[in-house]
């Protein structure tokens, strides 16, 4: 009522964005956002995790943040060392500057509204102990799935190796590992139950070739691919089924997870692990499997009725149909017990596993 409409609208937008940002940033109430930049920015926990790794592995010197956006990673990096940042978008660069000031980090960051690839080419990119690179992974609103199509493309990023000894590049979680250049290592990062991103690492002699980092309420857990094929065995009732965290699956760390729970895959191309007993495993959610049947909706309804199931959770892996499309045709018992149906595949055969949830990620 007291401000011009344009200013009032901008303030209301910021208030709405700050509410949305509370799931990503601890200090969202003091920060400034644009809708698109908020969606694309790294959440606090993964950013802090990555900044701590860079700080632990880097030699003496400052950090570079190449493509800082509104400052999600910049703020985390600046908690450890001074940071020189580059951002092409002048609006995002201004927001990053404002966010650093809002969190009392203005004296630890220098932000250039410029193309860092040009600075590298003309020799003006400052020396640094480590660089974090956040290339654009969307083009005209569409997601990019190749490292050669990101902006700047992989070929430009690789040139940093001539000057920077330690490099972390944030890329899409579905990155084709066949595109990862020789000498680079890959970390798959899971946050809030989803594999949010992959990170290409250069200069990490301490790291495995491929590993998962999973954030939980009690901190970070990691599991590396040991290169061994996971064991494969039978599928039977009265067992425990473990569904690994998505980052563990992307990292290919199924063999060590099988060893941890004392289980095996029931199909070599399906990331479900079955084991004879329940154990506490923070990198997988667990289900009791009471019945195993070939898929039949008629049989499923009979068994759900016999078990008195009134609320059913539906999951799938390797099954050709979306389970939710079957829900309207399921006959549940009003007020009945909770249950789980897992639709899956073994070879060319489609199966349904009926049971109960034991744990969540």
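Numbering (my numbering), first residue to last: 393 to 753.
C-beta atoms are modelled at their ideal positions from N, C-alpha and C, and glycine is treated no differently.
As the structure is a prediction and not an experimental result, all values here were calculated from the model.
Identity of the residues DSSP links to residue i by a beta bridge
i, result
"residue 560", "524, 593"
"residue 582", "587, 606"
"residue 722", "Answer is none; residue 722 lacks a bridge partner."
"residue 707", "734"
"residue 419", "None, per the DSSP bridge assignment."
"residue 636", "676"
"residue 614", "605"
"residue 531", "534"
Three-state secondary structure assigned by DSSP to residue i
i, result
"residue 587", "strand"
"residue 408", "helix"
"residue 503", "strand"
"residue 657", "strand"
"residue 429", "helix"
"residue 695", "helix"
"residue 743", "strand"
"residue 424", "coil"
"residue 400", "helix"
Residues near residue i in its chain [Cβ-Cβ closer than 8 Å; skip 5 each side]
i, result
"residue 726", "702"
"residue 708", "714, 715, 734, 735, 736"
Cα-Cα separation, residue i to residue j
i, j, result
"residue 639", "residue 617", "11 Å"
"residue 548", "residue 481", "19 Å"
"residue 541", "residue 606", "27 Å"
"residue 578", "residue 448", "17 Å"
"residue 721", "residue 691", "12 Å"
"residue 439", "residue 463", "10 Å"
"residue 686", "residue 494", "59 Å"
"residue 425", "residue 740", "49 Å"
"residue 485", "residue 635", "41 Å"
"residue 587", "residue 395", "43 Å"
"residue 592", "residue 562", "7 Å"
"residue 631", "residue 699", "18 Å"
"residue 585", "residue 637", "7 Å"
"residue 594", "residue 573", "10 Å"
"residue 512", "residue 645", "37 Å"
"residue 728", "residue 748", "13 Å"
CB contact check: residue i to chain C, cutoff 8 Å
i, result
"residue 636", "Annotation note: the requested chain C is absent from the structure, which comprises a single protein chain."
Same chain only: Cβ atoms within 7 Å of residue i, ignoring 5 sequence neighbours per side
i, result
"residue 583", "435, 437, 438, 607"
"residue 697", "723, 725"
Own chain residues within Cβ distance below 6 Å of residue i, not counting five before or after
i, result
"residue 706", "715, 733"
Spatially closest choice to residue i from the options, by CA coordinates
i, options, result
"residue 609", "521, 675, 523", "675"
"residue 753", "550, 672, 466", "672"
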